[in-house]
Amino acid sequence: MDTYRKRLIRHPLMYLTMIGLIGATIISIWNIWFGLAYLLFYSIAVIYAWKIEKITFINTEKHIESLSFRMKKVGSEALLEMPIGILLVNDKFIIEWANPYMSQVLDEESLIGEEMFILSDELYNLTKSDEKREQTVTINDRKYKVVYKQEEKLLYFFDVTEQLKIESQYYADRTVLAILFIDNYDELTQGMDDQSRSLINSVVTSIINEWASSHGIFAKRINSDRFLAILNEKILTELEKKKFSILDDIREKTAQKNLSLTLSIGVGAGSSSLIKLGELAQSSLDLVLGRGGDQVAIKQPNGKLRFYGGKTNPVEKRTRVRARVISHALQDLIIESDQVFIMGHKNPDMDSIGAAIGVRKMAQKNKINGYIVLNFDELNGSVNRLMGNIERNSDIYQYFISPEEALSLMTEKSLVAIVDTHKPILVADDRLLKRSEKIVVIDHHRRGEDFIKNPTLVYMEPYASSTAELVTELLEYQPEDEKLTKLEATALLAGIIVDTKSFTLRTGARTFEAASYLRTNGADTVLVQQLLKEDIDTYIERSKIIQTVEFVYPGIAVAYGQENKIYDSVLIAQTADILLTVKDVSASFVVAHRPDGLIGISARSLGDFNVQLVMEKLGGGGHLTNAACQIDADTIDQAISLLNNAIIDILEGRNEE
1 MDTYRKRLIR HPLMYLTMIG LIGATIISIW NIWFGLAYLL FYSIAVIYAW KIEKITFINT
61 EKHIESLSFR MKKVGSEALL EMPIGILLVN DKFIIEWANP YMSQVLDEES LIGEEMFILS
121 DELYNLTKSD EKREQTVTIN DRKYKVVYKQ EEKLLYFFDV TEQLKIESQY YADRTVLAIL
181 FIDNYDELTQ GMDDQSRSLI NSVVTSIINE WASSHGIFAK RINSDRFLAI LNEKILTELE
241 KKKFSILDDI REKTAQKNLS LTLSIGVGAG SSSLIKLGEL AQSSLDLVLG RGGDQVAIKQ
301 PNGKLRFYGG KTNPVEKRTR VRARVISHAL QDLIIESDQV FIMGHKNPDM DSIGAAIGVR
361 KMAQKNKING YIVLNFDELN GSVNRLMGNI ERNSDIYQYF ISPEEALSLM TEKSLVAIVD
421 THKPILVADD RLLKRSEKIV VIDHHRRGED FIKNPTLVYM EPYASSTAEL VTELLEYQPE
481 DEKLTKLEAT ALLAGIIVDT KSFTLRTGAR TFEAASYLRT NGADTVLVQQ LLKEDIDTYI
541 ERSKIIQTVE FVYPGIAVAY GQENKIYDSV LIAQTADILL TVKDVSASFV VAHRPDGLIG
601 ISARSLGDFN VQLVMEKLGG GGHLTNAACQ IDADTIDQAI SLLNNAIIDI LEGRNEE
């Protein structure tokens with residue numbers, strides 16, 4: 001526009017006029033009459049061109065002035081009339097100007113001179129952040145998207161109330177798929193006649209259909225022990241608020257009819273793809289069953305998990321068919337391998353070492369060399385005593401090797417067996433996992449989300465007292481060429497005794513059957529007691545920790561070690577066990593510094609309170625009655641504060657991963 005006002009178009013006209021005059025002069029020299037005629041016609045053309053240029057310029061000027069006026073008017077109306085709030089503030093965030101719409105929203109005649117933060121405290125974070133320049137705030141029950149221009153000290157307010165309502169409705173209506181599984185249906189109905197089985201089916205179907213109908217859920221029985229449920233996110237939120245009361249209902253109502261049934265539910269949510277929802281629901285159900293059942297797991301596409309339930313111990317399976325099948329599958333894997341490397345968890349205990357010795361025996365029974373991978377500097381008192389006995393009295397000591405030795409011996413055909421853990425961060429050395437294509441996992445802990453990737457064979461039974469019990473059952477189906485030695489049987493029995501607290505916790509009929517088999521093979525109970533003995537200093541240290549005990553909630557006791565002292569992880573666990581024997585204690589937690597620089601927490605319960613869920617919130621895991629974790633905290637007080645928050649969350653039903 002400014003360029004046109006300089007009228008640069010006149011320059012070519014001037015050049016053409018000069019050229020025309022020069023041309024007329026040259027023609028006049030040749031012929032005066034032709035020159036005059038040319039000059040006349042050329043003059044008319046030039047005059048017409050100049051006139052057109054002037055008219056065009058005048059019209060353009062008028063158009064520009066009209067357009068400029070209209071733009072100013074539109075800008076003024078947009079500033080004053082459009083439904084967008086605008087505030088201009090000074091360096092102290094005092095309002096210097098507000099457009100009429102903003103005053104109308106706040107029902108104020110004038111906002112000038114008021115502090116900006118009276119509109120909403122949420123604006124404070126917006127102005128203090130160096131990165132965030134947009135935020136949604138609530139003003140007079142309406143939602144506004146606020147855009148802050150820092151240099152101009154200008155704020156724009158866009159009403160997004162209806163938009164957010166639509167978004168909320170969209171998310172509330174998203175489809176959710178759930179798979180309901182009756183945990184012990186096959187166990188309970190085995191051997192029943194058709195009439196009794198029909199009665200159980202009727203009771204369970206009635207309970208689930210009544211629950212589904214009351215919440216607006218479509219539920220369909222797809223198998224004898226399985227239901228499919230279709231709901232939406234809004235209904236799911238309501239179920240979470242009630243902590244999935246269906247778990248308690250089906251347990252209590254079936255118990256009244258002398259039917260000990262529990263329910264596991266896997267839920268897939270957060271995706272618009274039905275295929276993805278189905279995969280999430282099945283994955284959640286697998287996770288719940290790996291944790292012992294009687295729980296709900298809700299899984300999102302991003303891997304985020306929420307758990308509910310888990311109030312009861314897993315039901316022991318009366319049949320040993322699965323143990324036989326797993327044993328034969330493991331035998332095939334061993335035979336196909338050139339050697340077997342067995343690893344337990346870091347800072348191994350009796351259960352880990354005993355189970356590893358049992359798996360090595362399986363390899364020996366199948367004529368394959370088996371090696372137990374240990375970090376020898378991580379061994380504690382009782383395990384050290386066991387290793388001393390093995391070194392003096394057995395030829396299997398040569399099969400205990402370091403991770404470096406294992407890495408040098410490993411080939412593509414090697415098999416890696418993990419016992420007493422399923423988390424890759426807890427194994428003795430995760431480098432062996434990365435090198436091996438064949439991995440076996442044998443564990444009795446409830447399954448967590450952090451699981452060893454792509455295992456070839458998994459044998460996880462949360463009902464079992466210990467991994468040593470599971471390995472003992474597997475040994476019974478292996479070839480009889482090589483008998484268990486006295487020391488091998490004793491190591492397995494010690495693992496069972498330690499994890500059951502001398503057959504007092506998590507002990508089922510199959511636990512005693514495994515112990516009987518080991519005793520038949522020469523397990524020495526006197527030697528077990530000698531291995532598990534403790535010195536007087538350990539006893540005194542444990543007593544000092546017990547003196548610090550406090551009841552943070554009725555029945556929940558917390559004790560802690562000294563701030564400037566390092567404690568052995570076994571001592572921490574033993575102290576938690578002792579606290580559980582005290583009157584009025586239903587759950588115990590012991591907090592103390594560990595040798596690795598972390599703060600360890602050992603948790604124990606009689607079963608009324610799920611300590612596994614508490615420990616999972618802090619990055620650990622375990623069982624309903626026996627769990628632990630390690631926290632990267634600076635002080636004991638800080639760790640206790642985190643522990644208290646986790647306990648509150650579980651008591652109030654906020655169990656999320």
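So for the sequence shown, UniProt numbering puts the first residue at 1; every next one is plus one.
Glycine is no exception: its CB is placed at the ideal position from the N, C-alpha and C atoms.
Member of 515, 486, 510, 482 whose CA lies at the smallest distance from the CA of residue 497: When only C-alpha atoms are compared, the closest one is 515.
Short Cβ contact (7 Å threshold) for residue 456 with residue 438: yes
Backbone CA spacing between residue 406 and residue 397 [nearest angstrom]: Whole-angstrom Cα-Cα distance: 15 Å.
Exposure of residue 636, with buried meaning 16 or more beta-carbon neighbours within 10 Å: buried
Secondary structure, beta strand (DSSP E): runs of 3+ residues fully inside the segment 437 to 496: 438 to 443, 457 to 460
Residue 672 (DSSP reduced to helix, strand or coil): Any answer about residue 672 is impossible in this case: the structure gives the chain only from 1 up to 657.
Whether residue 339 touches residue 366 by CB criterion (7 Å): no
Sequence-distant residues of the same chain with beta carbon closer than 7 Å to residue 264, five excluded per side: 181, 183, 285, 288, 289, 293, 294, 295
Residue 585 beta carbon less than 7 Å from that of residue 557: yes
Same chain only: Cβ atoms within 8 Å of residue 176, ignoring 5 sequence neighbours per side: 230, 231, 232, 233, 235, 236, 267, 268, 269, 277
Endpoints, beta strand (DSSP E) assigned at residue 605: 599 to 605
Closest by C-alpha distance to residue 348, when choosing among 383, 641, 364, 37: 383
Rounded C-alpha distance that separates residue 513 from residue 503: 12 Å
Three-state secondary structure (DSSP) of residue 385: helix
Neighbourhood of residue 117 by C-beta distance below 8 Å, restricted to the same chain and skipping five residues each side: Excluding sequence neighbours, residue 117 sits near 93, 123, 124.
CA-to-CA distance, residue 650 to residue 633, given in whole angstroms: Linking residue 633 to residue 650 through their CA atoms gives a straight-line distance of about 21 Å.
Nearest-angstrom Cα separation, counted from residue 472 out to residue 507: 15 Å
For residue 328, three-class secondary structure by DSSP: helix
Contact check, residue 640 vs residue 590, beta carbons under 7 Å: no
Buried or exposed (CB count within 10 angstroms, at least 16 for buried), residue 583: exposed
Per-residue burial, residue 34 [other beta carbons within 10 Å of its own, 16 or more giving buried]: exposed
Burial state of residue 254, where buried means 16 or more other Cβ atoms lie within 10 Å: buried
When 532, 531, 430, 448 are compared against residue 617, the one with the closest alpha-carbon: 448
Whole-number beta carbon distance between residue 354 and residue 523, since they are thought to touch under 8 Å: Residue 523 to residue 354, Cβ: 10 Å. No contact.
Collapsed DSSP secondary structure at residue 195 in the structure displayed: helix
Beta-carbon proximity of residue 416 to residue 436, cut-off 7 Å: Yes, the pair counts as a contact, with Cβ atoms nearer than the cut-off.
First through last residue of the alpha helix (DSSP H) which encompasses residue 512: 509 to 520
Element boundaries [alpha helix (DSSP H), containing residue 586]: It is not in any alpha helix (DSSP H) - residue 586 carries neither H nor E in the DSSP assignment.
The beta strand (DSSP E) enclosing residue 363, as first and last residue numbers: Looking at the DSSP string, residue 363 is not in any beta strand (DSSP E); the run it does join, the alpha helix (DSSP H), is 350 to 365.
From 644, 614, 86, 50, residue whose alpha carbon lies closest to that of residue 308: 614
Cβ-based burial, residue 193 [other Cβ within 10 Å; buried from 16]: exposed
Contacting residues, own chain, Cβ-Cβ under 8 Å from residue 346 (five flanking each side not counted): 375, 378, 426, 427, 428
Classification of residue 642 by the beta-carbon crowding that lies within 10 angstroms, buried from 16 upward: buried
Cβ-Cβ distance between residue 390 and residue 424 below 7 Å: no
Whether residue 403 touches residue 373 by CB criterion (7 Å): yes
Span of the beta strand (DSSP E), counted from its first residue to its last, around residue 219: 218 to 223
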